[in-house]
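S.K.: In terms of the UniProt record's numbering, the sequence shown is residues 1 to 244.
Cβ coordinates follow ideal geometry from the N, Cα and C atoms, glycine included.
Can you read through this structure? Questions will come right after.
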Amino acid sequence: MVQTRAQQQAIFTEETQRLGDIQIEQTNNNQAQNASLISYRPSQFIMANKIVQTLLAKKLEEAPKFEGKSDENVLKWLKNIGNAFKLAKLDDSTNLALIANYLGGEAEIAKTYSSPAAQQLAAQQLQNRKQGLQESVMHYYNDIHELCEAMDNQMTDQSKLIYLSQGLKLSLHKEVAQKEERLDQSYTHAMQLLESSDNNAPRAPTFINPPQYQQQDPLDRNYYTMTNQQQYRPSGSYYRPQQQ
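Below is the structure:
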């Protein structure tokens with residue numbers, strides 16, 4: 001016999017009320033030391049508990065899915081699915097683990113993160129991605145790897161290596177060339193090679209107080225000071241400065 005949702009709700013309400021009417025014998029401290037609590041109709045209580053669990057499981061199974069359609073109200077869906085989780089008395093970690101099961105259609109996580117728009121964005125970021133001067137190889141490698149996976153999760157290592165090498169900083173290009181190594185092996189091996197090269201690459205000096213350069217006056221460009229204190233005019237003639 002197929003039950004409607006109204007009938008299921010009526011059964012659920014009836015069982016809840018009946019469970020609330022179950023009486024438990026009150027005992028004082030002296031009685032509690034010699035005897036355990038005595039409850040009425042224990043077998044019926046166990047059966048009712050199983051019924052409630054079955055109804056809750058069915059209610060969770062029949063909870064609506066959100067598919068990202070234009071006629072769907074995401075706030076209403078969140079309220080309905082939240083109420084279903086509250087009735088089941090699930091904790092937050094369980095709710096987070098289950099919520100993905102109630103996403104369908106274009107709202108599915110796999111489809112959302114592999115949409116054409118996300119792939120196009122990843123492709124643009126890959127084209128413009130350059131390794132920073134102070135950026136570690138590991139950070140750059142992981143970022144390129146994530147962008148490649150977002151663009152095409154079936155991308156070959158050879159294609160990944162192209163994106164990896166085109167944005168390398170200049171010092172790594174020189175270091176790899178000096179070692180006569182090639183980035184034509186596996187993507188993981190390339191990362192190990194680059195990390196080793198980066199550790200051996202010379203570092204640019206760091207100035208605590210950078211030198212200050214004074215801008216030359218345009219009037220001083222008519223002559224240039226020579227090492228023998230002679231001065232040179234654009235006409236090519238030499239002369240000595242007059243003594244004061």
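Can you check DSSP and say which residues form a bridge with Phe66?
M.R.: Per DSSP, Leu103.
S.K.: Can you give the Cα-Cα distance for Gln119 and Asp152, rounded to whole angstroms?
M.R.: Distance between the alpha carbons of Gln119 and Asp152: 7 Å.
S.K.: I believe Cys148 touches Met155 by the beta-carbon criterion, under 8 Å. Please report the beta-carbon distance rounded to the nearest angstrom.
M.R.: 5 Å between Cβ atoms; contact.
S.K.: Assign Thr13 to one of three DSSP states: helix, strand, or coil.
M.R.: Helix, per DSSP.
S.K.: Distance check for Arg18 and Glu62, CA to CA, integer angstroms please.
M.R.: C-alpha separation (whole angstroms): 25 Å.
S.K.: Ignore the nearest five residues each way along the sequence and tell me which others in Leu168's own chain have a CB closer than 6 Å to its CB.
M.R.: Once the five neighbours on either side are set aside, the close Cβ partners of Leu168 are Gln131.
S.K.: Would you tell me roughly how many angstroms separate the C-alpha atoms of Ser159 and Leu133, rounded to the nearest one?
M.R.: Cα to Cα, Ser159 sits roughly 24 Å from Leu133.
S.K.: Starting from the C-beta of Tyr140, find all residues in its chain whose C-beta is less than 6 Å away, skip the five residues before and the five after it, and write them out in chain order.
M.R.: Correct list, in chain order: Gln131.
S.K.: Report back the beta-carbon spacing between Gly105 and Glu67 to the nearest angstrom; my notes put them in contact at under 8 Å.
M.R.: Correct: roughly 3 Å between the Cβ atoms.
S.K.: Once you ignore the five residues that flank Gln125 on each side, which residues in its own chain have a CB closer than 7 Å to its CB?
M.R.: Cβ neighbours of Gln125 beyond the five flanking positions: Leu147.
S.K.: I need the DSSP call for Gln130, collapsed to helix, strand or coil.
M.R.: According to the sequence shown, residue 130 is Lys rather than Gln. In this structure, Lys130 counts as coil in the three-state DSSP scheme.
S.K.: Buried or exposed: which applies to Leu161, given that a residue is buried once 16 or more other Cβ atoms fall within 10 Å of its Cβ?
M.R.: Answer is buried; the Cβ neighbour count reaches 16.
S.K.: Assuming Leu60 and Ala84 form a contact by the criterion Cβ under 8 Å, report the distance between their Cβ atoms to the nearest whole angstrom.
M.R.: That belief holds up - the Cβ atoms of Leu60 and Ala84 are roughly 6 Å apart, short of 8 Å.
S.K.: Express the C-alpha separation of Lys89 and Leu55 in angstroms, rounding to a whole number.
M.R.: Cα to Cα, Leu55 sits roughly 13 Å from Lys89.
S.K.: For residue 284 versus Leu164, is the C-beta spacing smaller than 8 Å?
M.R.: Coverage of the chain is limited to positions 1 through 244, which leaves residue 284 absent and any answer about it impossible.
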